[in-house]
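2 protein chains.
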Amino acid sequence: MDTRTNILKTALELYNSQGVNTITSRHIAAKMGISPGNLHYHFRQTDEIIKTLYEHLAADFDVLVSELESIHPVSLDTLRDFAVRSLELAYKYRFIFLHFVEISLRVPAIRKDYYALTQRREKEFFAIFRQLKKEGIFRTDLPESIWEALVTQIFIMGDFWLSNNELTGRLKGSNAIKHYSEIFSGMFYPYLTPAAQARMAE
Amino acid sequence: MDTRTNILKTALELYNSQGVNTITSRHIAAKMGISPGNLHYHFRQTDEIIKTLYEHLAADFDVLVSELESIHPVSLDTLRDFAVRSLELAYKYRFIFLHFVEISLRVPAIRKDYYALTQRREKEFFAIFRQLKKEGIFRTDLPESIWEALVTQIFIMGDFWLSNNELTGRLKGSNAIKHYSEIFSGMFYPYLTPAAQARMAE
DNA sequence: TAATAATTAGTACATTTGTTCTAAATACAG
DNA sequence: CTGTATTTAGAACAAATGTACTAATTATTA
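Right, dumping it as structure tokens:
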């Protein structure tokens, strides 16, 4: 395998399992059996590794979102499917979410990028809400401010369910994803019309 | 002022403003104008400073909870008041929430303590939910699993609203608290009975 | 094949960090 | 006032870290 790709793969493994602050470029090189010099030939600065991994995550997530947007009409099932895929992706790059503030301090470019991203996503969520209301899945009797609060909730839950898992359950892999996708389902439930709630209970 | 207390005060300031990983015991000593030797006379290990600050937070929060539990019957206003006080307290010790996973890795005792705490809190929340249902404030037509999901939501939101603020809005002090207490209100809204919703809209 | 470019190993260096140690200064008790 | 305990400063050390540098090896290209 390409050394550069291998560095990214090994770094992801180590960051995920031991945290972004305990793992240094030397650890990554040692685990791969290459010299520190070699590693720094491919990534002059260690932070570039983190930045690259973040970019991979962002790119993968963009694919998920554009897939979602291509489906019309949006059903509750497509939404649930999207949620599960998002959780899986987040789990793959979990060190980013587990150390999000740390990383955004260390690599300011990530912070800027993330900020721009949330601005875009916010609009996309509102568009999806609008569709789901039209289709009789989401309630239409809630004040607008409630939907705004929901978007922030989605962001916080989406970014930090992994941290919650780390601090409490420590569920691994598919167990974690299963548990938290149920939390996400539950989170939307009170926003559904009675008809949609009934369909969900089946 | 007591040197020990002063160390804690200065450490809190620096951790809050610059993060727990960038600030070292030397930074704290320098800011206070004392020697590193002196600082380590009072706290043999730097982590003890973090642990002590966490204990202060936990103790302060315990006071809030026991105050809440002493009030009968629980109204929507007491709940909102409790939420605002909680947010204020979290803001005071914000570095802990901004670096929760980091810290729990660095100081395993904190992790254990937090885990035990959430177990307790979970029960307390269910008890409060039961009361609020009895009083006609919370809906009684939602399945039990939805309330379980809500508790996890409350934990995640409560622990990570500060991280969300750090990554996006960067609101300061009372502005942050105001904004996120509205998010919290919005979060509970769909769980309220129509009567309670109407009263809230006033 | 010869020359050039890319990759790699290994070493080296300045900085930082947590912590310890010693001695001085200060506070306090009898 | 004298002796003891507490507090403080400052130096010292070992370990770790990011990164740069040099020389060797390997791959590529003409």
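Here the protein sequences come in this chain order: A and B. All residue numbers for the first sequence refer to UniProt numbering, where the first residue is 1 and numbers rise by one. All residue numbers for the second sequence refer to UniProt numbering, where the first residue is 1 and numbers rise by one. Virtual Cβ for every residue (Gly too), placed ideally from N, Cα, C.
Under the assumption that L12(B) contacts L53(B) (Cβ atoms under 8 angstroms), give the Cβ distance between them as a whole number of angstroms.
Right, their Cβ atoms sit about 6 angstroms apart.
Could you check how far apart the C-beta atoms of N164(B) and T168(A) are, in whole angstroms? I think they sit under 8 angstroms.
Contact flag wrong, Cβ pair sits at about 19 angstroms.
Whose CA, out of R106(A), L76(A), F61(A), lies closest to the CA of R85(A)?
Nearest of R106(A), L76(A), F61(A) to R85(A), Cα basis: F61(A).
Is the beta carbon of L68(A) less than 9 angstroms from the beta carbon of I154(A)?
No, they are not a contact pair.
Can you check DSSP and say which residues form a bridge with F138(A)?
Under DSSP, F138(A) forms a beta bridge with L192(A).
Using the Cα positions of I177(A) and E88(A), report the straight-line distance between them to the nearest angstrom.
For I177(A) and E88(A), the distance between alpha carbons rounds to 7 angstroms.
Segments of 4+ residues assigned as alpha helix (DSSP H) that fall wholly inside the segment 64 to 119 of chain A:
As far as the segment 64 to 119 of chain A is concerned, its whole alpha helix (DSSP H) runs of at least 4 residues are 76 to 92, 94 to 98, 100 to 106.
Can you tell me the Cβ-Cβ gap for I96(A) and L64(A), rounded? I've got them flagged as a contact below 8 angstroms.
Rounded to whole angstroms, the Cβ separation of I96(A) and L64(A) is 16 angstroms, and the two are not in contact under 8 angstroms.
At a Cβ threshold of 9 angstroms, is F100(B) touching chain A?
Yes, F100(B) lies at the interface with chain A (some Cβ there is under 9 angstroms from its Cβ).
Unbroken alpha helix (DSSP H) run spanning L171(B), endpoints
Segment: none, L171(B) is in no alpha helix (DSSP H) and carries neither H nor E.
Where R199(B) sits in the DSSP three-state scheme:
Note: R199(B) maps to helix in three-state DSSP.
What in chain B is Cβ-close to I137(A), meaning under 8 angstroms?
Residues of chain B passing the Cβ test: none, with the nearest at roughly 15 angstroms.
Nearest-angstrom Cα distance between E55(A) and G37(B)?
The alpha-carbon atoms of E55(A) and G37(B) are separated by roughly 43 angstroms.
Could you work out which residues of chain A lie near L142(B), taking near to mean beta carbons separated by less than 8 angstroms?
The answer, in chain order, is Y189, P190.
Would you verify that the beta carbon of Y115(A) is, or is not, closer than 9 angstroms to some beta carbon of chain B?
Yes, Y115(A) counts as interfacial toward chain B.
Across the segment 94 to 109 of chain A and the segment 16 to 35 of chain B, are there enough close Cβ pairs to call them in contact, namely three or more that are closer than 8 angstroms?
Contact holds: three or more Cβ-Cβ distances are below 8 angstroms.
Given a cut-off of 9 angstroms on the beta-carbon distance, is the pair P190(B) and Y191(A) in contact?
Annotated as proximal: P190(B) and Y191(A), with beta-carbon spacing under 9 angstroms.
Should I28(B) and I49(B) be called a contact, given that it needs their Cβ atoms to be closer than 9 angstroms?
At the C-beta level, I28(B) and I49(B) come within 9 angstroms of one another.
Check the Cβ-Cβ distances between A201(B) and every residue of chain A, and say whether any is below 9 angstroms.
It does; some Cβ of chain A falls within 9 angstroms.
V111(B) CB to nearest chain A CB: under 9 angstroms?
Reading the sequence as shown, one finds Arg at residue 111(B) and not Val. Yes, R111(B) counts as interfacial toward chain A.
Just to confirm my understanding: we take A109(B), look at its own chain, exclude 5 residues before and 5 after, and list those with CB closer than 7 angstroms. What are they?
Contacts found: K51.
Step through the CB atoms of chain A and report whether any lies within less than 9 angstroms of the CB of F160(B).
Chain A contact via Cβ: present.
Grab the span of the alpha helix (DSSP H) containing P143(B) for me, first residue to last.
Element bounds for P143(B): n/a, residue is neither H nor E.
Give every residue of the same chain whose Cβ lies closer than 6 angstroms to the Cβ of F82(B), excluding the five residues on either side of it in the sequence, and list them in chain order.
Contacts found: L68.
Nearest-angstrom beta carbon gap, W161(B) and I156(A) [assumed within contact, 8 angstroms]:
Your pair I156(A) and W161(B) checks out as a contact, with CB atoms roughly 6 angstroms apart and the cut at 8 angstroms.
Beta-carbon of N175(A) versus every beta-carbon of chain B: anything under 9 angstroms?
No, N175(A) does not count as interfacial toward chain B.
Consider the Cβ of G186(A): report whether some Cβ of chain B lies at a distance smaller than 9 angstroms.
Yes, contact with chain B.
Residues from the UniProt domain "HTH tetR-type" (1 to 61) of chain B in contact with chain A, defined by Cβ distance under 8 angstroms
Correct list: G19, N21, T22.
Leaving aside the five residues before and after I183(A) along the sequence, list all residues of the same chain whose C-beta is less than 8 angstroms from its C-beta, in chain order.
If we look at I183(A) and ignore the five residues flanking it on each side, its Cβ neighbours are M157, W161.
Around the Cβ of D159(B), are there at least 16 other Cβ atoms within 10 angstroms (buried) or fewer (exposed)?
Classification of D159(B): buried, given that the 10 Å Cβ count is 16 or more.
Return yes when the Cβ of T3(B) is within less than 9 angstroms of the Cβ of S25(B), no when it is not.
Their beta carbons are not under 9 angstroms apart, which means S25(B) does not touch T3(B) by this criterion.
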